[in-house]
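A.B. asks:
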Amino acid sequence: MLAKRAARTADGAPLGIRMRVNPVAKTVLQRLGFGLITLFVVSIIIFSAIAMLPGDFAKATLGQSATPETVAALQHEIGLDRPPIQRYFSWIGKMAQGDFGSSFASRTGYRRTVAEIIAPRLYNTMFLAVMTALVAVPLALGLGILAALYRNSWFDRLVNTVTLTTISFPEFFVAYMLAFLIISRDTFAGTQFAESLPVWLAVSINWTLNVVPKFPTLANINDQTPFWEHVWRAAMPSITLTLVIVAHMMRMTRAAIINMLSSPYIDMARLKGMRPMVIVLRHALPNAWAPIVTVVAFNLAYLIVGVVVVEVVFVYPGVGQLMVDAVKSRDVPVVQACALVFAATYILLNLIADIISIATNPRLLHPR
Amino acid sequence: MTSAEPVIQTTGAPRVRRTRRSRMRIALKKAPLSAWFGMGVTLCYVLVALLAPLIAPYRETQVFSEAFAPWGHEFMFGTDQLGRDMLTRLIYGARNTIGIAFATTIISFAAGVTLGLLAAMYRGWPDQLLSRAVDVLMSIPSLIFALMLLSIFGSSITSLVLIIALLDSTRVFRLARAVGLNVVVMEFVEVAQLRGEGPAWILRKEILPNILPPLIAEFGLRFCFVFLTIAALSFLGVGIQPPSADWGSMVRENATLITYGDVTPLLPAGAIALLTVAVNFVVDWFLHSTSGLRDEK
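Chains as they are written, first to last, in our numbering: chain P, 1 to 368; chain W, 369 to 665.
(1) Is it right to say residue 559/W is buried, meaning 16 or more other beta carbons lie within 10 angstroms of its own, or is it exposed?
(2) Determine the direct distance from the alpha carbon of residue 583/W to that of residue 563/W, and round the result to whole angstroms.
(3) Where does residue 112/P sit, in a helix, a strand or coil, going by DSSP?
(4) Which residues in chain P sit within 9 Å of residue 600/W, going by Cβ to Cβ distance?
(5) If you follow the alpha helix (DSSP H) that residue 281/P is in, where does it begin and where does it stop?
(6) Which residues, in chain order, does the region 337–348 of chain P contribute to contact with chain W at a C-beta distance below 9 Å?
(7) Could you tell me whether any Cβ in chain P is nearer than 9 Å to the Cβ of residue 519/W?
(8) When we look at the beta-carbon of residue 69/P and count the other beta-carbons within 10 Å, is it buried (16 or more) or exposed?
(9) Which residues does DSSP pair with residue 447/W in a beta bridge?
(10) Just curious, the alpha helix (DSSP H) that residue 94/P is in, first and last residue?
(11) With a CB to CB cut of under 6 Å and the five nearest residues on each side skipped, what residues in its chain are close to residue 136/P?
(12) Please list the partners that residue 330/P has in chain W, where partner means a Cβ-to-Cβ separation under 7 Å.
(13) In angstroms with no decimal places, state the Cα-to-Cα distance between residue 148/P and residue 236/P.
(14) For residue 454/W, go through chain P and note every residue whose CB falls closer than 8 Å to its CB, in chain order.
(15) According to DSSP, simplified to helix, strand and coil, what is residue 262/P?
(16) Going by beta carbon distance, what residues of the same chain come within less than 7 Å of residue 439/W, once the five residues before and after it are set aside?
(17) When the Cβ atoms of the region 508–521 of chain W are set against those of the region 299–316 of chain P, are three or more pairs found closer than 8 Å?
(18) Under 7 Å Cβ-Cβ, which residues of chain P neighbour residue 537/W?
(19) What residues in its chain sit with their C-beta under 7 Å from that of residue 140/P, if we drop five residues either side in the sequence?
(20) Could you check if residue 314/P is buried or exposed, using at least 16 other CB atoms within 10 Å of its CB as the buried criterion?
(21) Just confirm the distance between the C-beta atoms of residue 180/P and residue 626/W, as a whole number of angstroms; I'd bet it's less than 8 Å.
(22) Secondary structure at residue 102/P, three-state DSSP: helix, strand or coil?
(23) Quick one, which of 298/P, 95/P and 123/P has its alpha-carbon nearest residue 378/P's?
(24) With a threshold of 16 other CB atoms inside 10 Å of the CB of residue 628/W, please say whether the residue is buried or exposed.
(25) Short check: CB of residue 299/P to CB of residue 35/P, under 9 Å?
(26) Is there at least one Cβ from chain A nearer than 9 Å to residue 180/P's Cβ?
(27) Would you identify the three-state DSSP class for residue 431/W, choosing helix, strand or coil?
(28) Inspect the beta-carbon positions of residue 595/W and residue 477/W and report whether they are closer than 9 Å.
(29) Are the CB atoms of residue 428/W and residue 613/W within a distance shorter than 9 Å?
(30) For residue 326/P and residue 533/W, I'd like the C-alpha separation in whole angstroms.
(31) Could you tell me the boundaries of the alpha helix (DSSP H) in which residue 413/W lies?
(32) Going by beta-carbon coordinates alone, are residue 233/P and residue 213/P separated by less than 9 Å?
(33) Within its chain, find whatever has a CB closer than 7 Å to the CB of residue 375/W; leave out the 5 residues flanking it on each side and keep chain order.
Structure representation (structure tokens):
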């Protein structure tokens, strides 16, 4: 990468002009352009999903009793009777205006647009994601900084082991473990296992379980749910997602700070007799922001994948659950819209991460 | 200079080159507890998967009259929602879930490594084309992509394996290309080319042995990832279809028991989690011992 840049600056006059453009702005623009191209190609892929449908799809959806006229009507509705390029541009144009077409579940006289199906679900998913991010990011940064500060202590080892284990757990395992914990609050005392334990142990376990708040294990939510009630009911999915993403973020924060701590200027600060906490917060952290922000954005993007499974476990009415249901009933327009929403968010978050890490890169900020 | 030579000769005793087996034995002896644990658990899983019909008390799809039976002597972990023995399903689940994940990883590696190394060897427009295609494929979360493709092609085991292998080979391609690029510029590759060896021979005999350690470690990680993706898809009900026993769908089918404080649904989920943890431990140790990689000083 560096070699390439050096070669470009070496080959003549036009580069003298290009050098005057702010390198940060230039790299950011390049990255933005690449992000837009990616989004464009991804939209083509998602669009062609419908073109890849098997030929007799219309017949299969309408069932045995389909007349040639109804088959032709459905094909016209999906647009299979027009050339693909024309279809793509009308599709993407409508998408940009928020018209995602109508679901295959709609019948004559009862049209269900994809937009009206997705909109409330999207709000719920965003609610869950934002709520999780607000808890998970500060928690991960705090734990990471503490682990770097007291590295190789028992605290560090404990946090490391726990996070390494939660990273390798599937989301639904974590989710059901938590649900089980909440439920055992009520059922533990009556189980055979509790009776086989000594009384004091059983009582203390029961007491500990009772400290856990009784979060609802099914996230029943509709548009009328008041805000705090919504938070309360979304608590379980949110805690599950937090556990899943905190691990990775925390480990990367720790690694980034420890990496910084081995540089000479930190030794200097140490020799001046500064306290370790001040060294980490004032000297190491500012230079470690770029990798940390990247990993935070990456994990927020990962939330999108985690959300699908967790929403299904807790029956939370979000886009993930909608997508899974649509995949099962092979309602392609809904699947397309969900995939586009997820992909666009994912690309956008990665783009933001890249731009932040470019903008905070000191080598680009102070060109020679 | 001349005076130093005799000293070198006396200290430089003829060094016996260790055989691969003895080197492996030494490395194993130094393995930490976590790696031993990981290897032991993985071995158990493989044995259970291979010997499933011998170990299992009943047949895979044998249905008994009592659904959701409690744990007991007849059915060790009770029965599932249709009255099939849970233990038997767990054992056969090892076979199906691990087998399918393993096959997928093999396909993904065969495709990814071959294309990655070819791209590294030839560069030029094929490399550009493949790399950009991989960039685009990787810009969509693979679970979402897999869901979309499954909605088009339907959930059969063949399409499941091929779709996930395709999505996963992108990561393998990137790694193989990156490590391959470091090796193709070496002199011995050039020598082989001048000797007139064909590209397939150079790939297999000159490049592949030199990039094997990172690829093996990646194989472990990719296996975990594929395994978890398939489990997640089956859990969502669009992966491996009934009546095949599979851990992901077993969790889903018996999930209602959780609300009665029964741990049964956690067994298949735990089986998935334990295997991933075990493989991760082994990979972790393997990476440390082959690359001298250390977390920090």
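Heads up, the beta-carbon is just placed ideally off N, CA and C, and yes, glycines get one too. The structure presented is a predicted model; accordingly, all values stated were derived computationally and were not measured.
C.D. replies: The short version:
(1) exposed
(2) 27 Å
(3) coil
(4) 170, 171, 172, 305, 308 and 309
(5) Run containing residue 281/P: none; DSSP gives neither H nor E here.
(6) 338, 339, 342, 343, 346 and 347
(7) yes
(8) exposed
(9) 453/W
(10) 84–96
(11) 242, 245 and 246
(12) 519
(13) 29 Å
(14) Near residue 454/W there are no residues of chain P at all, since even the closest Cβ is about 16 Å away, more than 8 Å.
(15) coil
(16) 445 and 446
(17) yes
(18) In chain order: nothing, as chain P lies at least about 16 Å away.
(19) 246, 249, 250 and 253
(20) buried
(21) 6 Å
(22) strand
(23) Nothing about residue 378/P can be reported from this structure: the residues present for chain P run from 1 to 368 only.
(24) exposed
(25) no
(26) Absent from the structure: chain A. Protein chains present are P and W.
(27) strand
(28) no
(29) yes
(30) 23 Å
(31) 401–418
(32) no
(33) Interpretation of residue 375/W is limited by its pLDDT of 47, a score under 50 that renders its predicted location unreliable; the figure taken from the coordinates is listed afterwards. Counting only Cβ-Cβ distances below 7 Å, and skipping sequence neighbours, we find nothing.
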